[in-house]
Each structure stands twice: as structure tokens, then as C-alpha cells.
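In terms of my numbering, the sequence shown opens at residue 4 and continues consecutively.
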Amino acid sequence: MQWTSMQDFLTMRGYGFYVWGSFGACAFGMLIEPLWVRQRLRNIQSRLPKRELNG
Numbered sequence: 004m005q006w007t008s009m010q011d012f013l014t015m016r017g018y019g020f021y022v023w024g025s026f027g028a029c030a031f032g033m034l035i036e037p038l039w040v041r042q043r044l045r046n047i048q049s050r051l052p053k054r055e056l057n058g
């Protein structure tokens, strides 16, 4: 596709809302997943009994 202006690129012939919305949803998921995994890991680690290594 060729666009004649930035406005044409952003609107993508009427599908811009869906295209940019899907990019936004994907970016949000990619940003939030590592934070979610780290939180779950800390939660699991806090539930495990603390062990001291002798030696």
C-alpha cells in the first residue's frame, strides 16, 4: 500500500482503529506479562519454606 499523507497512513482507509487498536493491545500484553510473571514468582517464593544451607 502507498499512502499520500500521514493521515492516510494513520486511518488506513477506515481500518486504522482496528489496526492500531490491535497493535496497542499486543504492546500492552508484551509490557504487562513480565511484570505479571515476576509478581507470581515472588508470590510463590514467599510461600515456600525458607531453607538455610549448612556448609
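The C-beta atom is built at its ideal place from N, Cα and C for all residues, glycine as well.
Whole-Å CB distance - residue i paired with residue j, under 8 angstroms assumed
{"i": "residue 22", "j": "residue 15", "result": "5 angstroms"}
Enclosing alpha helix (DSSP H) for residue i [first to last residue]
{"i": "residue 37", "result": "19–50"}
{"i": "residue 10", "result": "9–14"}
CB contact below 9 angstroms: residue i versus chain C
{"i": "residue 27", "result": "Protein chain content of the structure displayed is limited to a single chain, and chain C is not contained in it."}
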